[in-house]
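Residue 2 is where the sequence shown starts when you use our numbering, and the numbers rise one by one after that.
By construction, the Cβ of each residue, glycine as well, lies at the ideal position given by its N, Cα and C atoms.
Below: the structure, in structure tokens.
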Amino acid sequence: VVSGGVDDTNIKELSEAGADAFGVGTSITNAPVLDLAMDIVEIEGKPVAKRGKLGGRKRVWRCEACLGMLVLPHAESQPSCPRCGGRMEESLKPLVLGGKPCKLPSVDEIRERVLSQLEKVSI
2 VVSGGVDDTN
12 IKELSEAGAD
22 AFGVGTSITN
32 APVLDLAMDI
42 VEIEGKPVAK
52 RGKLGGRKRV
62 WRCEACLGML
72 VLPHAESQPS
82 CPRCGGRMEE
92 SLKPLVLGGK
102 PCKLPSVDEI
112 RERVLSQLEK
122 VSI
């Protein structure tokens, strides 16, 4: 049985390689799809995970200086960047709180942030 990313363009090749059953659920659509998987990491405040996964809520941190990323358990306090020692800020921001949209940065603020980050990366 072959499943995941299977569509009409690769069934013949998979069949010739010995596959005899196919899971094509994602490809039964008339629009582009986003194929992803999500893992349950916490149930009612208790960390849970499949074998080989790290359970519990996480927070994603990003260094303002070098743009390095770090994922830590939710309960851990704000870290310093392990790469450059710079200040890290939470990367994931709420968009809605208490049923109301959060204030978003202006277009000019977003532009300035992007331009300052582009100076720190090589393209």
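Given a cut-off of 8 Å, decide if E43 and R58 are closer than it, judged by their beta-carbon atoms.
yes
Output yes or no for whether 8 Å exceeds the beta carbon distance between L73 and R60.
yes
On a CA-only basis, which of I124, V25, E65 is nearest P83? Give me that one, please.
E65
Hey, quick one: how far does the beta strand (DSSP E) through E52 stretch, first residue to last?
A quick correction: the sequence has Arg, not Glu, at residue 52. R52 -> no beta strand (DSSP E), and no H or E assigned at all.
For E17, which three-state DSSP category applies?
helix
Taking the alpha-carbon of S28 as reference, which of N11, G100, A18 has the nearest alpha-carbon?
N11
Whole angstroms are fine: how far does the CA of D36 sit from the CA of V25?
12 Å
According to DSSP, is G24 helix, strand or coil?
strand
What is the residue span of the beta strand (DSSP E) that R63 lies within?
59 to 64
Where do the ends of the alpha helix (DSSP H) carrying L116 lie?
108 to 119
Span separating the alpha-carbon of S107 from that of E113
10 Å
In whole angstroms, what separates the C-alpha of E18 from that of V2?
The question names Glu, but residue 18 in the sequence shown is Ala. Whole-angstrom Cα-Cα distance: 12 Å.
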